[in-house]
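Report on one structure; see the data block that follows.
In this note's numbering, the protein residues as written are -4 to 170.
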């Protein structure tokens, strides 16, 4: 079994692009943080509580803006449709491993329709899902003491197969 995982090796139709909205939001947070921090020293407020609150809020906004700028300013995009791709993990009970494995390997989505998601479980399904449901990458893992081991290779679904699989994902996301 290959040790590459869904999040470490990307499909050729998936690329990372700069998120303009992410950069704008991060920049606004940085500016607001600096503004609040400067206001702490410029306002001659007699209350140290207000000064401290402005300083804490300013520092928090600045740090959150830096975090967003460096780690959230890029997004995955499915090139054929230009749709944003989100990473997701879902957990299932070990009793459903055979059904899930069959569903992923054989593209037989009816086998997994009775499977129910858990809050945490011994089976983890990692997904890359495009917003328009035209692309899904999926890989199953089983918890073996101390870590999750791959059960399947990374499988890619596009078009109608991806849309049907997305129905399964959406159905299990509501539980």
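All C-beta atoms, glycine included, are put in the ideal place defined by N, C-alpha and C.
Neighbourhood of residue i by C-beta, 6 Å cutoff - its chain only, sequence neighbours within 5 removed
i	result
residue 84	119, 121
residue 116	86, 87, 88
residue 59	24
residue 138	117
Own chain residues within Cβ distance below 8 Å of residue i, not counting five before or after
i	result
residue 36	none
residue 19	none
residue 103	97
residue 143	119, 136, 137
Sequence-distant residues of its chain with Cβ nearer than 7 Å to residue i (five each side left out)
i	result
residue 2	82, 121
residue 124	80, 81, 83, 131, 161, 164
residue 52	31
residue 10	72, 74
residue 63	17, 20, 21, 24
Helix, strand or coil at residue i [DSSP, three-state]
i	result
residue 0	coil
residue 22	helix
Residue range of the alpha helix (DSSP H) that includes residue i
i	result
residue 168	154 to 168
Exercise for review: Would you be able to state if there are at least three C-beta pairs under 8 Å between the region 28 to 47 and the region 92 to 100?
Suggested key: The way I'd put it, the region 92 to 100 doesn't touch the region 28 to 47; fewer than three beta-carbon pairs between them come closer than 8 Å.
**Study point:** Stretch-stretch touch, CB-based, cutoff 8 Å, three pairs: the region 77 to 92 with the region 47 to 56
**Key:** A contact between stretches requires three or more CB pairs, one per stretch, nearer than 8 Å, and the region 77 to 92 fails this requirement with the region 47 to 56.
**Study point:** Every unbroken beta strand (DSSP E) inside the region 49 to 86 [3 residues or more]
**Key:** DSSP assignment within the region 49 to 86 yields the following whole beta strand (DSSP E) runs of 3 residues or more, N-terminal first: 69 to 73.
Check your understanding: Which runs of the beta strand (DSSP E), 3 residues or longer, sit entirely within the region 84 to 148?
Key -> Within the region 84 to 148, complete beta strand (DSSP E) segments of at least 3 residues are found at 118 to 125, 130 to 139, 142 to 145, given in chain order.
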